[in-house]
Amino acid sequence: MDRWRRSAPGDLWIAGVWTVTAVAAVTSVWFSAGFSSAPFLSLACPFRAWIGLPCASCGSTRAAAALVEGDLVSALTLNPLATASLLAFAIGGLLAVPWVLARGPVPARLDRIPRIARVLATAGFLGNWLYLCLASPV
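So for the sequence shown, the working numbering puts the first residue at 117; every next one is plus one.
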């Protein structure tokens with residue numbers, strides 16, 4: 117079974133949902149840029165308070181705020197995986213509709229995620245958590 121297929125008009129709805137969600141997320145974060153020094157950004161992580169280690173998403177809110185302010189280095193320092201995920205979601209959402217309209221390739225339905233993808237995702241997650249534990253930027 118092929119893993120890729122040409123996009124079809126039926127794929128436009130999901131691309132549209134992704135685009136609308138990405139635009140809404142970027143817009144809402146953009147308008148809340150003034151909240152970067154808000155008190156809720158300095159709340160302690162309950163996981164860290166209980167266990168003593170940062171959780172895998174520690175620094176994500178502050179990373180999003182840093183992205184809005186255009187400070188990519190700070191965002192990456194606070195949580196590299198969250199920053200990369202936020203950027204990929206926003207960029208992918210903005211390109212989804214044009215991609216489908218251009219009939220670009222999209223993944224075919226996969227019955228299961230390839231092993232290499234699962235290994236890389238797990239390694240990325242654990243590597244990010246290790247970085248957060250060692251660097252403790254939060």
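No residue lacks a Cβ here, since even glycine has one placed at the ideal position from N, Cα and C.
One Cα belongs to Arg228, the other to Ala237, and the distance between them is close to 14 Å. Per the coordinates, the alpha-carbon of Cys161 lies some 44 Å from the alpha-carbon of Ala218. With a 10 Å radius around the Cβ and a threshold of 16 neighbouring Cβ atoms, Asp118 comes out exposed. Secondary structure note for Pro214: its alpha helix (DSSP H) is the uninterrupted segment 196-217.
Excluding its 5 nearest sequence neighbours in each direction, Leu169 has C-beta neighbours in its own chain below 6 Å: Cys249, listed in chain order. Rounded to the nearest angstrom, the Cβ distance from Phe241 to Leu197 is 7 Å, consistent with a contact under 8 Å.
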